[in-house]
Amino acid sequence: MWTWFYRLASPPYVYRVASAFTPWLLLTAAVAIAYGLIDGLAFAPRDYQQGDAFRIVYVHAPAAWLSLFAYTTMAVAGAIGLIWRIKMAHALSAAAAPIGASFTILALVTGSLWGKPMWGTYWAWDPRLTAELILLFLYFGVMSLRAAFEDPARGDRAAALLAIVGVVNVPIIHFSVQWWNSLHQGATVAKFGKPAMDASMLWPLLAMLLGFMLFFGAVLCIRLRGEVLNRERQASWVRQAIKA
Amino acid sequence: MGGYARYVWPCISLAIVVLIWNLWSARRYHALALKRAERSILMAGSKPS
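Structure, rendered in structure tokens:
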């Protein structure tokens, strides 16, 4: 297991693996998202309370979930980079940040567009919404901090520290609907044993969740390849890879 | 969309825009990094030894 772990520290190995995975991840993501969107928008029955407005969940929930997953990925990679001094972990952390930030914006905007017909307002200073907004600021903070240093290694360390500190916000977002009085509805899919959704509505949502995760993996691989090249452009393996 | 089209379709459209933007910007980032690496190799090759 440790051999595999240390292999991940090798830039040419990371570049090669990321290149090999990208097309498969993209293809499967496209299939899952296409199925999820078509089934969710055209065939899933309308909700008895929310009507067709509930269909926003097919993009809102996967985006919100991904915003948390990308942040956790960024923080864990940052921690690995700090503890084991693995440069590729910092590269992965840097690659995850803009993707996570864009999906956080998507979650906030789609949530806001769902809130207007359901709550009567685009925005409320509700615990979950506020914590999600803080998550967006954390993403911006991590990206700005990394770019603020002339020495990339110092930028990586500072960004990793902020990402690790900010990870405390992830469980706050997840459990906010249980810990505080919240306008936001409680868990529907993540309820163990019995999701509060009919299967005809649940399957397209699960397909969208899977599709967004695979898409994240694909885009992460492409960005990671760029990060690796930026960091290793003087290395002989890059010379050989480009000449080949 | 039962009167909710003006909320549902902008959400779906925005999601598609975000997906396309992510793919486009990641590919552009990689292409720029590749170009930079190529330039750096060319410059290293043209230096007098």
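Keeping their order, the protein sequence lines are chains A and B. The numbering of the first sequence is numbering that gives the first Met the number 0, which starts it at 0 and goes up by one. The numbering of the second sequence is numbering that gives the first Met the number 0, which starts it at 0 and goes up by one. Idealized CB from N, CA, C, for every residue including glycine. Predicted model, so just to flag it, every value in this text is computed and none were measured.
Starting from the C-beta of residue i, find all residues in its chain whose C-beta is less than 6 Å away, skip the five residues before and the five after it, and write them out in chain order.
i              : result
residue 123(A) : 182
residue 20(A)  : 220
residue 185(A) : 176
residue 52(A)  : 116
residue 237(A) : 231
residue 80(A)  : 88, 89, 159
residue 151(A) : none
residue 211(A) : 61, 65
residue 58(A)  : 109
Any beta-carbon of chain A closer than 7 Å to the one on residue i?
i             : result
residue 39(B) : yes
residue 1(B)  : yes
residue 44(B) : no
Which whole-angstrom value is the C-beta distance of residue i and residue j, which I expect to be below 8 Å?
i              : j              : result
residue 106(A) : residue 63(A)  : 4 Å
residue 159(A) : residue 148(A) : 12 Å between Cβ atoms; not a contact.
residue 163(A) : residue 78(A)  : 6 Å
residue 76(A)  : residue 65(A)  : No, residue 76(A) and residue 65(A) are not in contact; Cβ-Cβ is about 16 Å, not under 8 Å.
residue 55(A)  : residue 112(A) : 6 Å
residue 99(A)  : residue 138(A) : 6 Å
residue 233(A) : residue 39(B)  : 7 Å
residue 8(A)   : residue 82(A)  : Actually they do not touch by this definition, with Cβ atoms about 12 Å apart.
residue 50(A)  : residue 1(B)   : 5 Å
residue 208(A) : residue 11(A)  : That pair is no contact at about 33 Å.
Can a CB atom of chain B be found closer than 7 Å to the CB of residue i?
i              : result
residue 112(A) : yes
residue 37(A)  : no
residue 140(A) : no
residue 158(A) : no
residue 222(A) : yes
residue 54(A)  : yes
residue 30(A)  : no
residue 154(A) : no
residue 225(A) : yes
residue 218(A) : yes
Quick one: residues in its chain with C-beta nearer than 8 Å to the C-beta of residue i, no 5 flanking neighbours on either side, listed in chain order?
i              : result
residue 94(A)  : 219, 222, 223, 225, 226
residue 216(A) : 20, 24, 28
residue 161(A) : 137, 140, 141, 144
residue 37(B)  : none
residue 241(A) : none
Determine the chain B residues that contact residue i at a beta-carbon separation under 8 Å, and present them in chain order.
i              : result
residue 241(A) : 33, 36, 37, 40
residue 228(A) : 29, 32, 33, 35, 36
residue 109(A) : 10, 13, 14
residue 45(A)  : 1
Give me the chain B residues within the contact set of residue i, using Cβ-Cβ distance strictly less than 7 Å, ordered along the chain.
i              : result
residue 233(A) : 39
residue 103(A) : The premise fails here: residue 103(A) is roughly 10 Å from chain B at the closest Cβ pair, so nothing lies under 7 Å.
residue 247(A) : No information on residue 247(A) is available, as it lies outside the stretch 0 to 243 that chain A covers here.
residue 116(A) : 3, 6
residue 145(A) : Going along chain B, no residue has its Cβ under 7 Å from residue 145(A), so there is no contact; the nearest lies around 14 Å.
residue 15(A)  : The premise fails here: residue 15(A) is roughly 14 Å from chain B at the closest Cβ pair, so nothing lies under 7 Å.
residue 58(A)  : 10, 11, 14
residue 214(A) : 18
I want to verify the contact list: residues of chain A whose CB lies under 9 Å from the CB of residue i, in sequence order.
i             : result
residue 19(B) : The contacting residues do not exist; residue 19(B) stays about 11 Å from chain A at best.
If I measure Cβ to Cβ from residue i and keep anything under 7 Å in the same chain, skipping five residues before and after, which residues do I get?
i              : result
residue 175(A) : 126, 127, 130, 181
residue 48(B)  : Low confidence applies here, because residue 48(B) scores a pLDDT of 48, under 50, leaving its location unreliable; read the following figure in that light. Nothing meets the Cβ criterion.
residue 134(A) : 66, 70, 103, 168, 172
Can you pull the chain B residues whose beta carbon is under 9 Å from the beta carbon of residue i, in chain order?
i              : result
residue 99(A)  : Per Cβ cutoff of 9 Å: no residues; residue 99(A) is ~10 Å from chain B at best.
residue 62(A)  : 14, 17
residue 119(A) : Per Cβ cutoff of 9 Å: no residues; residue 119(A) is ~13 Å from chain B at best.
residue 237(A) : 36, 39, 40
Kindly indicate if chain C contains any beta-carbon less than 7 Å away from that of residue i.
i              : result
residue 213(A) : Any reference to chain C falls outside this structure, whose protein chains are A and B.
Report task. Could I get the ranges of all uninterrupted alpha helix (DSSP H) runs contained in the region 81 to 124 of chain A, with 4 residues as the minimum, in chain order? Result -> 86 to 118
Report task. Please specify which runs of the alpha helix (DSSP H), each continuous and at least 4 residues long, are wholly inside the region 154 to 231 of chain A, giving them in chain order. Result -> 168 to 178, 198 to 231
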